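Below is one structure, written out as structure tokens, with a few remarks after it.
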Amino acid sequence: MEDLSSGSDSDYTNSWIAWFLSSKGNEYFCEVEEEYILDRFNLTGLNTEVANYTQALDSITDNIADEDIPDELRGALDVQARHLYGLIHARWIVTARGLAKMLEKYKRADFGRCPRVLCQSQPLLPVGLSDIPYEKSVKLYCGRCEDIYSPKSSRHGSIDGAYFGTSFPHLLFLVYPNLIPPKSGPVDVGLPVRGAPTEGDNQRRTRRAREEPELPAETIGEEFSTASVALKAERYRPRIFGFQVHEIAKLQRWQEAVRDRQVARLEEIGV
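So the sequence shown is numbered by the working numbering: it starts at 41 and just counts up by one.
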């Protein structure tokens with residue numbers, strides 16, 4: 041989960057949120073407007089999720105002086121304030137204004153680009169595999185190949201996925217359908233490509249893509265069939281508030297029906 045120990049008192053700027061966003065490893069987060077944070081309706085239920093909730097909220101909104109924090113509570117309160125901001129952030133980025141802020145980061149490719157060669161450096165979006173804190177770390181979703189990847193940086197890879205939620209990237213494409221990536225052709229998200237890979241980068245990626253994939257650990261040293269491996273393969277299922285995205289769900293049902301027919305044929309011939 042998120043590395044909550046980074047940063048020091050000397051890192052603080054004019055506000056807690058500005059300091060938090062400028063800290064290394066927090067580049068995926070956007071600024072949550074203070075007006076949203078101060079509306080207690082938007083924070084319903086979070087008081088049961090965070091210890092010292094009131095003090096943590098006061099820290100985020102700069103309503104508590106540093107000298108008013110007891111020394112024995114200072115470290116724990118910093119952790120709780122970060123956690124509370126992450127939970128608020130997950131709610132904020134699925135609002136209209138939050139989506140617009142994350143859209144700016146997406147256009148700048150602040151979340152990185154898809155490592156798959158044929159996606160041609162498609163910008164990625166952060167996504168959680170669970171909406172429950174401390175269960176899964178954040179992943180990166182590619183709207184072109186519709187798959188997920190782990191962040192390159194360990195700092196980003198330790199961020200809790202619940203701080204972005206399971207719905208965000210799919211809701212973004214639902215609100216901005218013109219940004220749904222095409223399955224072929226060049227990448228275009230409205231702004232010039234920054235940090236596009238060189239020819240040498242593409243050659244190295246192609247070589248890696250051609251390498252023989254490793255077998256699952258549980259199959260090493262044991263007899264296995266192509267059919268059994270195919271049945272164990274996992275796939276990411278985009279969801280918005282728990283419901284599968286309609287068009288993608290329809291496509292996946294067709295793909296799985298084709299896979300099941302192929303598996304049945306493999307089992308018949310004993311492969």
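For every residue, glycine included, the Cβ atom is placed at its ideal position computed from N, Cα and C. No experiment lies behind these values; they were computed from the predicted model shown.
Give a yes or no on whether the C-beta atoms belonging to residue i and residue j are separated by under 8 Å.
i, j, result
"glycine 205", "alanine 130", "yes"
"tyrosine 146", "valine 178", "no"
"proline 209", "leucine 165", "yes"
"aspartate 200", "tyrosine 174", "yes"
"glutamate 73", "leucine 61", "no"
"leucine 83", "isoleucine 128", "yes"
"glycine 138", "tryptophan 132", "yes"
"isoleucine 109", "isoleucine 57", "no"
"phenylalanine 213", "glycine 183", "yes"
"asparagine 87", "glutamine 120", "no"
"isoleucine 280", "serine 207", "yes"
Taking DSSP as the reference, what is the three-state secondary structure of residue i?
i, result
"valine 269", "In this predicted model, valine 269 has a pLDDT of only 49, less than 50, meaning its place in the structure is not dependable enough to derive any value."
"isoleucine 280", "strand"
"aspartate 200", "strand"
"tyrosine 216", "coil"
"threonine 88", "helix"
"proline 209", "helix"
"valine 303", "helix"
Give the C-beta separation of residue i and residue j to the nearest angstrom, bearing in mind that I take them to be a contact with Cβ-Cβ under 8 Å.
i, j, result
"histidine 196", "tyrosine 276", "Their Cβ separation, rounded to whole angstroms, is 18 Å, which puts histidine 196 and tyrosine 276 out of contact at 8 Å."
"leucine 143", "tyrosine 216", "7 Å"
"alanine 96", "leucine 124", "5 Å"
"alanine 149", "proline 163", "4 Å"
"aspartate 102", "serine 55", "5 Å"
"proline 226", "glutamine 160", "6 Å"
So does residue i have its beta carbon nearer than 7 Å to some heavy atom of the ligand COA?
i, result
"aspartate 111", "Looking at this structure, you won't find the ligand COA or any other ligand, since it has none at all."
Shorter than 8 Å from the beta carbon of residue i to some beta carbon of chain B?
i, result
"isoleucine 133", "No chain B is part of this structure, which consists of one protein chain only."
Relative to the alpha-carbon of residue i, which residue among the options has its alpha-carbon at the smallest distance?
i, options, result
"valine 90", "Tyr189, Gln302, Gly310 and Ile172", "Ile172"
"valine 134", "Arg279, Ala304 and Leu211", "Leu211"
"glutamate 186", "Ser194, Asn66 and Arg156", "Arg156"
"glycine 168", "Leu214, Ser190, Cys154 and Gln160", "Ser190"
"cysteine 154", "Lys192, Glu307 and Gly85", "Lys192"
"proline 278", "Leu306, Ile188, Ile309 and Ala304", "Ile188"
"glycine 98", "Ala116, Leu78 and Ala304", "It is worth fixing the name first, because residue 98 is aspartate in this sequence and not glycine. The residue with the shortest Cα to Cα distance from aspartate 98 is Leu78."
"glycine 65", "Ser198, Lys176 and Arg305", "Ser198"
"serine 63", "Glu307, Asp300, Arg122 and Leu306", "Arg122"
Worksheet item: Which runs of the alpha helix (DSSP H), 4 residues or longer, sit entirely within the stretch 92-118?
Response: 93-100
Worksheet item: For the stretch 116-197, which segments carrying the beta strand (DSSP E) assignment without a break, of at least 3 residues, lie completely within its bounds, in sequence order?
Response: 165-167, 179-182 and 187-189
Discussion item. My parser needs the alpha helix (DSSP H) runs of 4 or more residues fully inside the stretch 58-84; what are they?
Written reply: 74-78
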